[in-house]
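Q: When we follow our numbering, the leftmost residue of the sequence shown carries the number 16, and every step to the right adds one.
Virtual Cβ for every residue (Gly too), placed ideally from N, Cα, C.
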Amino acid sequence: MESLPSHSSSRSITHVEKDSLVQRLARGLHKVNTLALKYGLQVHVPVLKSTASLQKQIFGFTQRLHTAEVERRSLRLEVTEFKRNVNEMKKELDKAQGLQMQLNEFKHSKLITHEKFESACEELNNALFREQQAQMLLNEQAQQLQELNYRLELHSSEEADKNQTLGEAVKSLSEAKMELRRKDQSLRQLNRHLTQLEQDKRRLEENIHDAESALRMAAKDKDCVASHMRTVENMLHKQLAAIGASGCGPESEVKLHNLPVKKVRDQISLSRTAASRNDFTLQLPKLHLETFAMEGLKGGPEVVACQAMIKSFMDVYQLASTRIATLEKEMTSHRSHIATLKSELHTACLRENESLQSAGSRDHSNISIPSRAALPADTLGVAEFLPLKAELDTTYTFLKETFINSAPLTSSHSSPVTTSANTKRPAQIGL
16 MESLPSHSSS RSITHVEKDS LVQRLARGLH KVNTLALKYG LQVHVPVLKS TASLQKQIFG
76 FTQRLHTAEV ERRSLRLEVT EFKRNVNEMK KELDKAQGLQ MQLNEFKHSK LITHEKFESA
136 CEELNNALFR EQQAQMLLNE QAQQLQELNY RLELHSSEEA DKNQTLGEAV KSLSEAKMEL
196 RRKDQSLRQL NRHLTQLEQD KRRLEENIHD AESALRMAAK DKDCVASHMR TVENMLHKQL
256 AAIGASGCGP ESEVKLHNLP VKKVRDQISL SRTAASRNDF TLQLPKLHLE TFAMEGLKGG
316 PEVVACQAMI KSFMDVYQLA STRIATLEKE MTSHRSHIAT LKSELHTACL RENESLQSAG
376 SRDHSNISIP SRAALPADTL GVAEFLPLKA ELDTTYTFLK ETFINSAPLT SSHSSPVTTS
436 ANTKRPAQIG L
C-alpha cells in the first residue's frame, strides 16, 4: 500500500478501535516502509501518487460492495423461494393430517369396505411418506435458511466495515486535497515574491547606472581640478621667476626661467638677504589638504579659488563615496535576499568573486599612492607647489567590470568593492 501523510493519519486514529481499518492500514504501512528500507527503496511517495492509489482502492471497495449487494439480493430471493416451499409443505402436512383424521373416523364408523380401507391405508402410507420427505426437505431448508441468515449477517457486517472504510478514505482524500490547495497557495505566494525580487533587481540596476554616471561626473571633475591645478602651477612658476628676477637682477631672469623650482627657491632665499627692506617677498600657501584648517587661506586670489575648488571637489567626492557606500549596502541586502531563492548560482558567484578579488588585488598592487604627510618641516615652503601628476583612477573601471561580470552577487561579493573604494578614497582626496 502507498504511504499517506503522517499528520493526517495521526488525526484520524484518535477515536478509532484497536482492530479498525486505520490500525490495519498503519500496520501494513509500517511493514511496507520496513521492507522498502531493507531493500533500499524510496519510502516517501508524493501526495498525487498516494491520492491516485487511494482512489484505486476506493474504486475496488465500491466494486466489491456492489458484488456483495448483488449476492445479498440473490440470497434474499432464495430465502423467499424456500419460504414458499415450506408453506406448500405445510399445506401438504395439513392435508395428510386431515386424511388421518378421516381414516380414524372411518375406523370408528365401521361403514367402510375392505377396498376402501386398503386404499385409505395406501393413501395414508403415501401421505406419511410425503410427510417424511417434506419433513426432511423442511429440515434441509431450515439448515440452508440458517446458513443464509449467517451469510447475510456476515455480509451486513462486511458492508458496515466497508462503509466505515469508505468514509475514512473519503476523509483522508479531502485532507489530501486541502494539503494540495495549501501547497498551491504557497507556490503562488513564492511566485509573487520572486516577481517582486526581480523588480527590486531592476531598480538596483538602475541605481547602479546612476552610480556609474555619478562616478563619471566625479572623474570629469577630477580632470578639471587637475587641469586647473596645472594652470595654477604654471602661474606660480611665472611668479617665482618674476620674484627671482626682481631680487637677483634683470640679468638673471632668463636663467631663473630654466632652473627647477627648488633651485629657484634657493636663489630667492639667497637674494632675500641682499634685498632692501622695501623688496617684495611672496608668502606661498601650503596646498596640502591636512593644513587648511590650521594655516587658513594664504596667497592671491588664484590660490583661494584653487583651494575653494579643491574643497568643493572634496565635498562632491565625499557625497559620491557616501552614495556608493549606501548603494553597496542596499545591493548587499537585496542580493543576500535574492541568494536565498537562487542558491544554485552560489558556486558560480564564488568563482567570479575569486576572479574579481584576484583582479582587484592586482589593480591595488599596481597603484602607488603618494603621501605628502611624511615630508620634513624644513622642506615645506615653495617646494610644495610641485607639478601635479594625474593619478590612475581605477574605481570606475573596477566597479564597471564588477557589475558587468557578476550580476547576482551575494553579501560576500560586495566587501572587496567596499574595501577597494575605502583604500582608494584617501589617495584620490590627497591629490
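Taking the continuous alpha helix (DSSP H) assigned at L40, which residues delimit it?
A: Here residue 40 refers to the residue found at position 25 when the sequence shown is read from its first residue. Element bounds for L40: 36 to 54.
Q: Look up K357 in the DSSP assignment and say whether it is helix, strand or coil.
A: Counting from one through the sequence shown, the residue named residue 357 turns up at place 342. In the structure shown, K357 sits in coil (DSSP, three-state: anything other than H, G, I, E or B).
Q: If you drop the 5 nearest sequence neighbours on each side, which residues of the same chain put their C-beta closer than 6 Å to that of L152?
A: On the sequence shown, position 137 is the one that residue 152 refers to. None.
Q: 9 Å is my cut-off, CB to CB: does L153 come that close to chain C?
A: Of the chains in the structure shown, none is chain C; there is only one protein chain.
Q: Taking the C-alpha atoms as reference points, what is the distance between L114 and L181?
A: Along the sequence shown, read from residue 1 onward, the residue named residue 114 stands at position 99. Along the sequence shown, read from residue 1 onward, the residue named residue 181 stands at position 166. For L114 and L181, the distance between alpha carbons rounds to 59 Å.
Q: Tell me whether the beta-carbon of N222 lies closer than 9 Å to the beta-carbon of M346.
A: Counting from one through the sequence shown, the residue named residue 222 turns up at place 207. Counting from one through the sequence shown, the residue named residue 346 turns up at place 331. Their beta carbons are under 9 Å apart, which means N222 touches M346 by this criterion.
Q: With 16 other CB atoms within 10 Å as the buried threshold, where does E146 fall?
A: Walking along the sequence shown from the start, residue 146 turns up at place 131. Its Cβ being crowded by 16 or more others within 10 Å, E146 is buried.
Q: When the Cβ atoms of the segment 132 to 141 are set against those of the segment 188 to 207, are three or more pairs found closer than 8 Å?
A: The segment 132 to 141, when compared against the segment 188 to 207, does not touch it at the 8 Å Cβ threshold.
Q: Would you call the segment 93 to 110 in contact with the segment 159 to 174, where contact means no fewer than 3 C-beta pairs closer than 8 Å?
A: Touching, yes, given that three or more Cβ pairs across the two stretches are closer than 8 Å.
Q: Cutting at 7 Å between CB atoms, please list the residues of its own chain near A308, excluding the five before and the five after it.
A: Taking the sequence shown and counting its residues from 1, the one referred to as residue 308 is at position 293. Annotation note: pLDDT 36 at A308 (below 50); position unreliable, no value reported.
Q: Whole angstroms are fine: how far does the CA of L167 sit from the CA of L90?
A: Here residue 90 refers to the residue found at position 75 when the sequence shown is read from its first residue. Here residue 167 refers to the residue found at position 152 when the sequence shown is read from its first residue. Whole-angstrom Cα-Cα distance: 8 Å.
Q: Contact between the segment 67 to 84 and the segment 168 to 178: three or more CB pairs below 8 Å?
A: Short answer: they touch.
Q: Within this structure, are the beta carbons of H208 and L356 separated by less than 9 Å?
A: Translated into positions along the sequence shown, residue 208 becomes position 193. Translated into positions along the sequence shown, residue 356 becomes position 341. Yes, they are a contact pair.
Q: Note down the Cα distance separating L118 from Q156, rounded to an integer number of angstroms.
A: Within the sequence shown, residue 118 is the residue found at index 103, counting from 1. Within the sequence shown, residue 156 is the residue found at index 141, counting from 1. Rounded to the nearest angstrom, the two C-alpha atoms are 30 Å apart.
Q: According to the Cβ coordinates, are I339 and D215 closer than 9 Å?
A: Position 324 of the sequence shown, counted from the first residue, corresponds to residue 339. Position 200 of the sequence shown, counted from the first residue, corresponds to residue 215. Against a cut-off of 9 Å, the Cβ pair of D215 and I339 comes out as no contact.
Q: Buried or exposed: where does S228 fall if 16 or more other Cβ atoms within 10 Å of its Cβ makes it buried?
A: What you label residue 228 is simply residue 213 of the sequence shown in a count that begins at 1. So S228 ends up on the exposed side.
Q: Are M104 and A41 touching if we call contact CB-CB under 9 Å?
A: Sequence index remark: in the sequence shown, residue 104 carries index 89 (1-based). Sequence index remark: in the sequence shown, residue 41 carries index 26 (1-based). Cβ distance not < 9 Å, so M104 and A41 don't count as in contact.
Q: Looking at K192 and T4, is the spacing between their C-beta atoms short of 9 Å?
A: Residue 4 is absent from the structure shown; the chain starts at 16 and stops at 446.
Q: Using the Cβ count rule (16 or more neighbours within 10 Å means buried), how would you classify A335?
A: Start at 1 with the first residue of the sequence shown, and residue 335 comes out as number 320. Buried, because 16 or more other Cβ atoms sit within 10 Å of the Cβ of A335.
Q: Quick check: the Cα distance between E86 and K122, rounded to an integer number of angstroms?
A: Along the sequence shown, one-based indexing puts residue 86 at 71. Along the sequence shown, one-based indexing puts residue 122 at 107. Each residue's alpha carbon lies about 54 Å from the other.
Q: Since L69 and L188 should fall inside the 8 Å C-beta cutoff, what is the C-beta to C-beta distance between them, to a whole number of angstroms?
A: By one-based count along the sequence shown, residue 69 stands at place 54. By one-based count along the sequence shown, residue 188 stands at place 173. About 6 Å separates the two Cβ atoms, so the contact holds.
Q: Label R231 either buried or exposed according to how many other C-beta atoms from any shown protein chain fall within 10 Å of its C-beta, with 16 as the threshold for buried.
A: Numbered from its first residue, the sequence shown carries residue 231 at position 216. So R231 counts as exposed.
Q: Anyone know if the C-beta pair for K110 and A142 falls short of 9 Å?
A: In the sequence shown, counting from the first residue as 1, residue 110 sits at position 95. In the sequence shown, counting from the first residue as 1, residue 142 sits at position 127. Going by C-beta atoms, K110 is nearer than 9 Å to A142.
Q: Suppose you measure from the CA of T337 to the CA of E343; what does that come to, to the nearest Å?
A: Position 322 of the sequence shown holds residue 337. Position 328 of the sequence shown holds residue 343. Those two C-alpha atoms are separated by around 10 Å.
Q: Is R350 buried or exposed, if buried means 16 or more other CB atoms sit within 10 Å of its CB?
A: If you number the sequence shown from 1, residue 350 lands on position 335. Classification for R350: buried.
Q: Can you tell which of A233, S348, H252, R366 has the C-alpha that lies nearest to the C-alpha of V331?
A: Indexing the sequence shown from 1 puts residue 331 at position 316. Nearest of A233, S348, H252, R366 to V331, Cα basis: A233.
Q: Have a look at N11 and K71 and give me their C-alpha separation to the nearest angstrom.
A: Nothing about residue 11 can be reported from this structure: the residues present for the chain run from 16 to 446 only.
Q: Rounded to whole angstroms, what is the Cα-Cα separation between N102 and H129?
A: The sequence position of residue 102 within the sequence shown is 87, counting from 1. The sequence position of residue 129 within the sequence shown is 114, counting from 1. In a straight line, the C-alpha of N102 is about 35 Å away from that of H129.
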